[in-house]
Amino acid sequence: FTHFPEKGKALSEAIAKLPVDPAFDALVARGTAETADWVAKKHDGSFTIPKGWKNQPSTLVQLNRMAAASPAWNRATRKAVFNLTLGNSDTLVRHTAVQALAKMQDHELAFSFLADAAGDTTDPGEGAAAPEHDPESRGRPDALLALARMHKPEVVTGLIAWLDRTKDLEERQGLLSALCRLYFHDGEWKGDSWGTRPDTRGPYYQPEPWSETPRVGEALKEILAKAPAEEAAFLVKEMNRNRIQSNDALERVLALAKTDPKLLPDAAAQLATAETIPVDAIPLLLSAARADTTGMEPTTAATMLMNSVIALSKTDSTEGAVASLQTLLNLSKISGAGKEAEAARSAYFASPKLENHHQALEEEAEKIGTPTALWADAALLTLSARTSGSPESKELSGKALDEGWKDVKRRAQILRAVAQIKHNPYAEKVLSALDDPDKAVSGAAKNAAKAMKLEKKTSASGPLVGSLKNEEVIAQILKTKGDADAGEQIFNRVSCNTCHTTEESQTPKGPYLGNIAQTYKRAELAEAILDPNKTVSQGFATNAITTKDGQSHVGFVTFESAEKITLRDITGKETSIEAKNITSREKPPISMMPPGLAAGLTIKEFAGLLDYLEALSKK
-14 FTHFPEKGKA LSEAIAKLPV DPAFDALVAR GTAETADWVA KKHDGSFTIP KGWKNQPSTL
46 VQLNRMAAAS PAWNRATRKA VFNLTLGNSD TLVRHTAVQA LAKMQDHELA FSFLADAAGD
106 TTDPGEGAAA PEHDPESRGR PDALLALARM HKPEVVTGLI AWLDRTKDLE ERQGLLSALC
166 RLYFHDGEWK GDSWGTRPDT RGPYYQPEPW SETPRVGEAL KEILAKAPAE EAAFLVKEMN
226 RNRIQSNDAL ERVLALAKTD PKLLPDAAAQ LATAETIPVD AIPLLLSAAR ADTTGMEPTT
286 AATMLMNSVI ALSKTDSTEG AVASLQTLLN LSKISGAGKE AEAARSAYFA SPKLENHHQA
346 LEEEAEKIGT PTALWADAAL LTLSARTSGS PESKELSGKA LDEGWKDVKR RAQILRAVAQ
406 IKHNPYAEKV LSALDDPDKA VSGAAKNAAK AMKLEKKTSA SGPLVGSLKN EEVIAQILKT
466 KGDADAGEQI FNRVSCNTCH TTEESQTPKG PYLGNIAQTY KRAELAEAIL DPNKTVSQGF
526 ATNAITTKDG QSHVGFVTFE SAEKITLRDI TGKETSIEAK NITSREKPPI SMMPPGLAAG
586 LTIKEFAGLL DYLEALSKK
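Taking the numbering used here, the leading residue of the sequence shown gets -14, the next gets one more, and so forth.
Structure (structure tokens):
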């Protein structure tokens, strides 16, 4: 490029004389993109695209780079590039075209592809060209994708205007999708939330309102009120995808779903994200939870069942709590629905409302041998081990299990439920049941022990960690190989999962351990567990706050400003406290993690726990 004259002969003319070779064309196109600003300014913003570049994905991608790299290109050059790349049959070309146009923030150019859906195929300086172009897409969908990434008042105005004059359902769907995405924008990261993982649900990590949010919201409300059923269903789905909470959307989709069962998945999705569930929505949720999903696409079916359980778990409906047991069972049978099944189970068993239904669960659990009876026992096990909530529910659930344990058949069922949810508080009962004279019980106990990686401790198991000095423990675990799978169960059994998460999809609690082994070596990990007060992870220092009403809050800070502080406790619960209501704030020099958690483990078990933590970093 240093040999091309700065003035006079156009660069495109010089390129035309180069050897015709696809690989060489790609190299030259890349060079043009990397020097785009210089080229544009030296040629008054004009560039005639060489014929050999028009049908090669490798050169078209570079043309997208070139167009976005300099504001000096004139409109004709930009239009010529995007005529070739928007709607192109090559996925990478289309993707980079959308990103380039969005980066340029040239809404007028983007809207021109809506006004002239076929695209202007005339290159500057030459006659009609024949670019590779998908006649079905014609650039319009890609132009809308780019517009959805331009947070400008002019774009919102333009999209609303297009919706006012466009009647075609397919065209309106693209416009509505773009408008929904513009409801939020990505908030400015100020460095005060580094201690938490980003929210990857999309489309933004930190969705926040912007100047046009009220106008977008009002437009969506008006469109939803007038839209026919099919468009209303589509719009509600798009609002869900973009995390737009709307009572109007909820009311409309509920009304539509009452007459059209096909909209049950959309209704369940909207309700799953609602804070409170209207009473008149419960029958719809029950229909979704009990729906025959035989002919449905597996992912759609799993998502609907998951959302119905999540939504019902927020209600006081005893019928919903019992119906959800069968839904959990149905979810477990759908191939590839592991994440949905896990999300539904987590919502159901963690629901504060579950304790209100303990009597119905006790009755269901007594129907020994039925599939739902096992899940009812799983729910009772969860309630009996709760550290918060109603003491009465916890006590009565525990008594029901103790009474059921006396019956041989029920004992086997409880053990199967223990295995199903890997209920670690029952570890000792599982081990003692290995010697049960009833074969069904001992067999269920054996399966539970296998699932939970439990082994009876004998003299051959070696000394316990608590009986040794920390230095001795560290020296031994450095030369001891454990079982990572068993370590995962130990992680849960000693309640590490109460305060820590290991997967990015989990709700943040204390320090994230999914990549902890990348920071700490094995000996350091062991020491941090044995003596948690020695080193407190940065960002997780204990804060003790007392407020004017006499309440005490202990946790670590996840957000702090001049107006308020947000604390997260060891269970993951967040509490926002206004600064003006704080009477005292201290930072005790101790970790919220209690010492002695590994005291009851053997060296091999402790080694397995460390192996598990190290394995997490390799996933």
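Just so it is clear, CB atoms sit at the ideal spot from N, CA and C, and this is done for glycine as well. Treat the numbers as computed from the prediction; the structure is a model and nothing was measured.
Rounded distance between the beta-carbons of residue 70 and residue 60, thought under 8 angstroms: Position 75 of the sequence shown, counting from 1, holds the residue named residue 60. Position 85 of the sequence shown, counting from 1, holds the residue named residue 70. Rounded, the Cβ-Cβ distance is 16 angstroms, inconsistent with contact.
Helix, strand or coil for residue 171, going by three-state DSSP, please let me know. On the sequence shown, position 186 is the one that residue 171 refers to. Strand.
Would you call the stretch 154 to 172 and the stretch 128 to 141 touching, i.e. three or more CB-CB distances under 8 angstroms? Yes, they touch.
For residue 293, which three-state DSSP category applies? By 1-based counting over the sequence shown, the position of residue 293 is 308. Assigned with DSSP and collapsed to three states, residue 293 falls in helix.
Using the Cα positions of residue 217 and residue 232, report the straight-line distance between them to the nearest angstrom. Position 232 of the sequence shown, counted from the first residue, corresponds to residue 217. Position 247 of the sequence shown, counted from the first residue, corresponds to residue 232. Going by the C-alpha atoms only, they are around 14 angstroms apart.
Please classify residue 564 as buried or exposed, where buried requires at least 16 neighbouring CB atoms within 10 angstroms. Counting from 1 along the sequence shown, the entry for residue 564 is found at position 579. By the 10 Å Cβ count, residue 564 comes out exposed.
Nearest-angstrom Cβ-Cβ length linking residue 439 and residue 415, presumed shorter than 8 angstroms: Residue numbering aside, residue 439 sits at position 454 when the sequence shown is read from its first letter. Residue numbering aside, residue 415 sits at position 430 when the sequence shown is read from its first letter. Contact holds; Cβ gap of about 6 angstroms.
At the level of alpha carbons, what is the spacing between residue 350 and residue 385? On the sequence shown, position 365 is the one that residue 350 refers to. On the sequence shown, position 400 is the one that residue 385 refers to. If I take the Cα positions, the gap works out to 9 angstroms.
Please state the DSSP three-state secondary structure of residue 370. Position 385 of the sequence shown, counting from 1, holds the residue named residue 370. Assignment of residue 370 by DSSP, reduced to helix, strand and coil, places it in the coil class.
Counted within 10 angstroms of its Cβ, other Cβ atoms place residue 575 as buried (16 or more) or exposed: For the purposes of this step, residue 575 is taken as the residue at position 590 of the sequence shown. Exposed, since its Cβ has fewer than 16 Cβ neighbours within 10 Å.
Kindly indicate the opening and closing residues of the alpha helix (DSSP H) around residue 92. Start at 1 with the first residue of the sequence shown, and residue 92 comes out as number 107. 92 to 100 is the span of the alpha helix (DSSP H), which, as asked, contains residue 92.
Spatial distance of residue 324 from residue 331 (CA atoms): Numbered from its first residue, the sequence shown carries residue 324 at position 339. Numbered from its first residue, the sequence shown carries residue 331 at position 346. Note on geometry: alpha-carbon atoms of residue 324 and residue 331 lie some 10 angstroms from one another.
Since residue 528 sits in a beta bridge, which residues does DSSP pair it with? Numbered from 1 along the sequence shown, position 543 holds the residue referred to as residue 528. DSSP lists 540 as partners of residue 528.
Is it the case that the Cβ atoms of residue 571 and residue 530 are separated by a distance below 9 angstroms? Position 586 of the sequence shown, counting from 1, holds the residue named residue 571. Position 545 of the sequence shown, counting from 1, holds the residue named residue 530. Taking 9 angstroms as the Cβ cut-off, residue 571 and residue 530 qualify as a contacting pair.
Within this structure, are the beta carbons of residue 398 and residue 353 separated by less than 9 angstroms? Residue numbering aside, residue 398 sits at position 413 when the sequence shown is read from its first letter. Residue numbering aside, residue 353 sits at position 368 when the sequence shown is read from its first letter. Taking 9 angstroms as the Cβ cut-off, residue 398 and residue 353 qualify as a contacting pair.
Measure the Cβ-Cβ separation of residue 508 and residue 598 and say whether it is below 9 angstroms. Counting from 1 along the sequence shown, the entry for residue 508 is found at position 523. Counting from 1 along the sequence shown, the entry for residue 598 is found at position 613. At a Cβ-Cβ threshold of 9 angstroms, residue 508 and residue 598 do not count as neighbours.
Sort out for me which residues DSSP pairs residue 549 with in a bridge. Within the sequence shown, the letter at position 564 stands for residue 549. Answer is 563, bridged to residue 549.
From residue 358 to residue 383, what distance separates their C-alpha atoms? Working through the sequence shown from its first residue, we reach residue 358 at position 373. Working through the sequence shown from its first residue, we reach residue 383 at position 398. Roughly 16 angstroms separates the two Cα atoms.
For residue 111, which residues of its own chain have a beta-carbon under 6 angstroms away from its beta-carbon, when the five flanking residues on both sides are left out? To locate residue 111, count along the sequence shown from 1; it is residue 126. Only weak support is given to the placement of residue 111: the predicted model assigns it a pLDDT of 37, under 50, and the value that follows is read from those uncertain coordinates. Counting only Cβ-Cβ distances below 6 angstroms, and skipping sequence neighbours, we find nothing.
Starting from the C-beta of residue 295, find all residues in its chain whose C-beta is less than 6 angstroms away, skip the five residues before and the five after it, and write them out in chain order. The residue labelled residue 295 in the question sits at position 310 within the sequence shown. Here the set comprises 257, 332.
Taking all protein chains shown into account, do 16 or more other C-beta atoms lie within 10 angstroms of the C-beta of residue 121, making it buried, or fewer, making it exposed? Sequence index remark: in the sequence shown, residue 121 carries index 136 (1-based). Residue placement at residue 121 cannot be trusted, given a pLDDT of 43 that sits under 50; the coordinates are not used to answer.
Classification of residue 474 by the beta-carbon crowding that lies within 10 angstroms, buried from 16 upward: Walking along the sequence shown from the start, residue 474 turns up at place 489. Its Cβ being crowded by 16 or more others within 10 Å, residue 474 is buried.
contact_flag[the stretch 548 to 563, the stretch 445 to 455] where n(CB pairs < 8 angstroms) is 3 or more: Not touching, per the Cβ criterion.
Which same chain residues, not among the five before or five after residue 368, have their C-beta less than 7 angstroms away from its C-beta? What you label residue 368 is simply residue 383 of the sequence shown in a count that begins at 1. By the criterion of a C-beta distance shorter than 7 angstroms, residue 368 is surrounded in its chain by 339, 340, 343, 378, 379, 382, once the five residues flanking it on both sides are discounted.
Could you give the distance in angstroms between the alpha-carbon of residue 447 and the alpha-carbon of residue 488? Here residue 447 refers to the residue found at position 462 when the sequence shown is read from its first residue. Here residue 488 refers to the residue found at position 503 when the sequence shown is read from its first residue. Cα-Cα distance, rounded: 32 angstroms.
Can you pull the DSSP bridge partners for residue 569? In the sequence shown, counting from the first residue as 1, residue 569 sits at position 584. In DSSP, residue 569 forms a bridge with 531.
Between residue 393 and residue 426, how many whole angstroms is the CB-CB distance? I'm expecting something under 8 angstroms. Translated into the one-based positions of the sequence shown, residue 393 becomes position 408. Translated into the one-based positions of the sequence shown, residue 426 becomes position 441. About 6 angstroms separates the Cβ atoms of residue 393 and residue 426, confirming a contact at the 8 angstroms cut-off.
Rounded straight-line distance, which links the Cα of residue 74 to that of residue 212: The residue you call residue 212 lines up with position 227 of the sequence shown. The residue you call residue 74 lines up with position 89 of the sequence shown. Distance between the alpha carbons of residue 212 and residue 74: 33 angstroms.
Taking only the alpha-carbon atoms, compute the straight-line gap between residue 336 and residue 307 and give it to the nearest angstrom. The residue given as residue 336 occupies position 351 in the sequence shown. The residue given as residue 307 occupies position 322 in the sequence shown. Roughly 14 angstroms separates the two Cα atoms.
With a threshold of 8 angstroms (Cβ to nearest heavy atom), would residue 222 be considered close to the ligand PLP? Of ligands this structure carries none, so the ligand PLP is not represented either.
Buried or exposed, going by whether 16 or more other CB atoms sit within 10 Å of the CB of residue 9? Taking the sequence shown and counting its residues from 1, one reaches residue 9 at position 24. Residue environment analysis places residue 9 among the exposed positions, since fewer than 16 neighbouring C-beta atoms fall within 10 angstroms of its C-beta.
Please check the pair residue 190 and residue 169, which I expect to be a contact at CB under 8 angstroms, by giving their CB distance rounded to whole angstroms. As a working note, residue 190 is residue 205 in the sequence shown. As a working note, residue 169 is residue 184 in the sequence shown. Rounded, the Cβ-Cβ distance is 11 angstroms, inconsistent with contact.
In whole angstroms, give me the CA-to-CA distance for residue 43 and residue 66. In the sequence shown, the residue the question calls residue 43 occupies position 58. In the sequence shown, the residue the question calls residue 66 occupies position 81. Going from the Cα of residue 43 to the Cα of residue 66 covers about 14 angstroms.
Contact check, residue 146 vs residue 89 under 8 angstroms by CB: the rounded distance? Taking the sequence shown and counting its residues from 1, one reaches residue 146 at position 161. Taking the sequence shown and counting its residues from 1, one reaches residue 89 at position 104. Residue 146 to residue 89, Cβ: 21 angstroms. No contact.
So, for residue 586: in the same chain, excluding its five sequence neighbours on each side, which residues have a beta-carbon less than 6 angstroms away from its beta-carbon? Along the sequence shown, one-based indexing puts residue 586 at 601. These residues qualify, in order along the chain: 450.
How far does the alpha helix (DSSP H) with residue 16 in it extend, from its first residue to its last? As a first step, residue 16 must be located in the sequence shown, where it is residue number 31. 7 to 19 is the extent of the alpha helix (DSSP H) around residue 16.
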